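These notes are about the structure you will find just below.
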Amino acid sequence: MALNRDESSPLFAGTMAGTLRLLAYLALAMVLMVLDHRNGWTWRVRYATAVVVEPLYRLAGAPSAGMRALATAFSERKALTEQNQRLREDLLLANAKLNRMASVAEQNQRLKELLDTQRSLELNVQLARVVGVDLGPAEHRIMLSLGANNGVKVGQPVIDARGVMGQVAHVLPSTSVVMLITDPAHALPVTIERTGLRTIAYGARDDSGLILPDIPMAADVQAGDRLLTSGLGGRFPPGFPVGTITRVQPSATGMFLEASAVPAADIDRSEDVLLLHDQAEPIGPPAPATPSGPPADLAPSTSAPAPRSAAATGTLP
1 MALNRDESSP
11 LFAGTMAGTL
21 RLLAYLALAM
31 VLMVLDHRNG
41 WTWRVRYATA
51 VVVEPLYRLA
61 GAPSAGMRAL
71 ATAFSERKAL
81 TEQNQRLRED
91 LLLANAKLNR
101 MASVAEQNQR
111 LKELLDTQRS
121 LELNVQLARV
131 VGVDLGPAEH
141 RIMLSLGANN
151 GVKVGQPVID
161 ARGVMGQVAH
171 VLPSTSVVML
181 ITDPAHALPV
191 TIERTGLRTI
201 AYGARDDSGL
211 ILPDIPMAAD
221 VQAGDRLLTS
231 GLGGRFPPGF
241 PVGTITRVQP
251 SATGMFLEAS
261 AVPAADIDRS
271 EDVLLLHDQA
281 EPIGPPAPAT
291 PSGPPADLAP
301 STSAPAPRSA
311 AATGTLP
């Protein structure tokens, strides 16, 4: 919309006075430009003015700057919280993997020891996994993952990489139960490695391991002596580690020495064991003799009449 002459700016008014004011303003502007270019004093005026005006600008922009800072802090806090949560999850997962790797490494070490035992002794063995454990006060048994379908038989010796574990007591189609040497009902012929003394190691009833109650009083037995299978009875082959004697004292009757021993095998920790095959049958009473008689070609014919006895004929010899 066009402005009327009366409503227009007086600076551009068509009167003589307006023209003179315009010329004066232009001249003043030229003088200030020349002075600023040559002396630079107007820069100081602008600097002083900026110093006075700058706090006002800061105060005017403070609300928006505060909102931006608050939004930034909130978003950064949220991002840091999410990142912290991810790092915690990654740490837990890494620890779980590390623990799993340590468990697998330990299991591999045990399997390697079992394999080294098999190779060093050239045994015909069968690897089985422990799937059940019963270490109660009345009996010490473990259950293996192999049974009759895998050729397991009652009486088979069971060992691990460190020593004798026990022998198979019951066989099921797919599993088998092993009586451990620490079972109170188990007895194992052993020999003391240092002296060669033979005796019997029984399972202790107080869960302390093994007990040897029938050692002669004059026998040389010390704590630290190793026990090996003696091979007597034919059930366990000779030379396998059984345990280590920890204490020797007189028995309650005073007629024998009584020794306590800890098993060499990892009774309560082994997860894999070896079943021994091709072992000699246990020594026992001899088998009944086979009935004997005359050769078949000399036997009397079934068609010939049987001889009558003297009593039947009424004659005396």
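For the sequence shown, UniProt numbering begins at 1 and goes up steadily by one.
Every residue gets a Cβ at the ideal spot worked out from N, C-alpha and C, and that includes glycine.
Owing to the predicted nature of the structure, the values given are computational and were not obtained by experimental measurement.
Can you grab the Cα-Cα spacing for the pair residue i / residue j, in whole Å?
| i | j | result |
| --- | --- | --- |
| HIS186 | ASN95 | 43 Å |
| ALA261 | ALA161 | 18 Å |
| LEU135 | SER270 | 13 Å |
| LEU274 | GLY147 | 13 Å |
| LYS78 | LEU87 | 14 Å |
| LEU98 | LEU92 | 10 Å |
| PHE240 | ALA201 | 14 Å |
| ASN124 | GLY155 | 16 Å |
| TYR25 | THR49 | 22 Å |
| PRO137 | ASP266 | 18 Å |
| GLU76 | TRP43 | 42 Å |
| ALA27 | ARG46 | 21 Å |
| THR81 | ARG58 | 32 Å |
Quick check on residue i: does DSSP put it in helix, strand or coil?
| i | result |
| --- | --- |
| PHE256 | strand |
| SER303 | Low confidence applies to SER303: its pLDDT is 44, below 50, so where it sits in the model is not reliable enough to give any reading. |
| THR229 | strand |
| LEU63 | For the record, residue 63 in the displayed sequence is Pro; it is not Leu. In this structure, PRO63 counts as helix in the three-state DSSP scheme. |
| ALA265 | coil |
| LEU127 | strand |
| HIS170 | strand |
| MET1 | With a pLDDT of 47 at MET1, under the threshold of 50, the modelled position of this residue cannot be trusted; read the value that follows with caution. The answer is coil: DSSP assigns MET1 none of H, G, I, E or B. |
| ASP272 | strand |
| PRO184 | coil |
| VAL158 | strand |
| VAL152 | coil |
Looking only at its chain, what residues have a beta carbon closer than 7 Å to the beta carbon of residue i, apart from the 5 residues adjacent to it on each side?
| i | result |
| --- | --- |
| THR191 | LEU197, ARG198, LEU228, SER230 |
| ALA219 | LEU197, LEU257 |
| GLY224 | THR244, ILE245 |
| ASN149 | PRO173, SER174 |
If I measure Cβ to Cβ from residue i and keep anything under 6 Å in the same chain, skipping five residues before and after, which residues do I get?
| i | result |
| --- | --- |
| LEU139 | A small correction: the amino acid at residue 139 is Glu; Leu does not occupy that position in the sequence shown. The residues are ASP183. |
| PRO157 | GLN167, PHE236, LEU276 |
| LEU232 | PRO189 |
| SER301 | With a pLDDT of 47 at SER301, under the threshold of 50, the modelled position of that residue is not reliable, and the figure given next carries that caveat. For SER301, where only same-chain residues beyond five positions count, there are no Cβ hits under 6 Å. |
| MET16 | none |
Opposite residue i in the DSSP bridges: which residues?
| i | result |
| --- | --- |
| GLY132 | MET143 |
| ARG247 | SER260 |
| ARG198 | THR191 |
| MET179 | ARG141, GLN167 |
Three or more C-beta pairs closer than 8 Å, one from the stretch 139-152 and one from the stretch 166-177: is that the case here?
Judged by Cβ distances under 8 Å, the stretch 139-152 makes contact with the stretch 166-177, as three or more pairs qualify.
Indicate whether the contact test is met: 3 or more Cβ pairs, each with one atom in the stretch 206-221 and one in the stretch 248-266, closer than 8 Å.
yes
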